Amino acid sequence: MTETNVKGRGIVVPNAPVLAMANRFGRYKPEEEKAVRKVEVKEDETLRKMKNKYRKLCEFNDRIYEELESNGIMDVDEAVYRKAVDMTKRTHYSSRDVERFSVALKEFEDEDNPRSDIELQNNAGIFLSALINNGNDSDYVIHTAHLTVPLDFIGYQNTKNVTVNGDAGRWAGDSMQGGTVTVNGNAGAALGREMKGGEIHINGEMVMVADFMRHGKIFHKGKLIVDK
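Take any residue in the sequence shown, count from 1 to its spot, add 149: that is its number in the numbering used here.
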């Protein structure tokens, strides 16, 4: 298996065509799974802190879901996002660190634990969104082409300029405030739900735009398809 190495603060990631999916948001075909390259990240203190906070967020999500469900409240994404914002606002990091963390997410995939895919899909996009919105930089790049599952909620409450090299899952740009989210890949259902401003650009395939979107623009392969 070809390896993708990340040494120091330099980043090399898999090419998206190598990681084409069997269906839009399913598992890779067996031959394509073999092409998924191992991503190694040389840790520093910043990356280590990000990983630890992400693990704690996954634990929090499990607890809060059970609590909210028992009370008949299902707005789990907002509760988890607020927790992620609180966890990351006292952490010092750059846009480059966020990019490195997106590459390191490969480490959280576990073939022997099906739940790891669910945790990654549900939590990683929200955690990345909190890192980006809390960050001091204006422009961010994240990588998803090397991951087995698409990440939901990428660009949640976004205020920055975010480029996604790979696919985005469901609810990309959910509750977006401004800025841009550019997906150089496919996007899942409910695109731009509760969007209040900014622009979303999807350069691959897409499932559907959310029924309820307040303001903003959505482009598909360069063509403006929603303007509110």
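Idealized CB from N, CA, C, for every residue including glycine. Fair warning: this is a prediction, and the values are worked out from it, not measured in the lab.
In this structure, the CA atom of R319 is about 15 angstroms from the CA atom of F276. Where E227 is concerned, there is no enclosing beta strand (DSSP E), although the alpha helix (DSSP H) around it starts and stops at V225 to T237. For E248, there is no enclosing beta strand (DSSP E); the residue is found in the alpha helix (DSSP H) stretching over S244 to A253.
Short of 6 angstroms from the beta carbon of R342, and not among the five residues preceding or following it, lie these beta carbons of its own chain, in chain order: W320, D323 and A359. Here the C-alpha atom of I267 lies approximately 25 angstroms from the C-alpha atom of K238. Within the same chain, Cβ atoms closer than 7 angstroms to the Cβ of V298 are found at D266, L269 and Q270, the five residues on either side in sequence being excluded. The Cβ-Cβ distance between I349 and F368 falls below 9 angstroms. In terms of Cβ geometry, Y242 and Y305 do not form a close pair [threshold 9 angstroms]. Within the DSSP secondary-structure output, V290 pairs in a beta bridge with T312. In the DSSP assignment, E348 falls within the unbroken beta strand (DSSP E) covering E348 to I351.
Taking each of I281, A338, A317 and G328 in turn and checking the Cα distance to K345, the smallest one comes out for G328. Burial is judged here by how many other beta carbons sit within 10 angstroms of a residue's own beta carbon; N282 has at least 16 and is buried.
For D261, the three-state secondary structure derived from DSSP is coil. Where I367 is concerned, the enclosing beta strand (DSSP E) starts and stops at K366 to H369. Within the same chain, L254 and L300 come within 7 angstroms of A273 by CB-CB distance, once the 5 residues on both sides are set aside.
When secondary structure is reduced to three states using DSSP, A359 falls in the coil class, being assigned neither helix nor strand.
Measuring C-alpha to C-alpha distances from R264 to each of D235, S278 and D211 identifies D211 as the nearest.
Among the bridge pairs identified by DSSP, L340 is matched with V358.
The beta carbon of D246 sits closer than 6 angstroms to the beta carbons of T195 from its chain, once the five residues preceding and following it are set aside; these are given in chain order. Going by C-alpha positions, E248 is about 6 angstroms away from V290.
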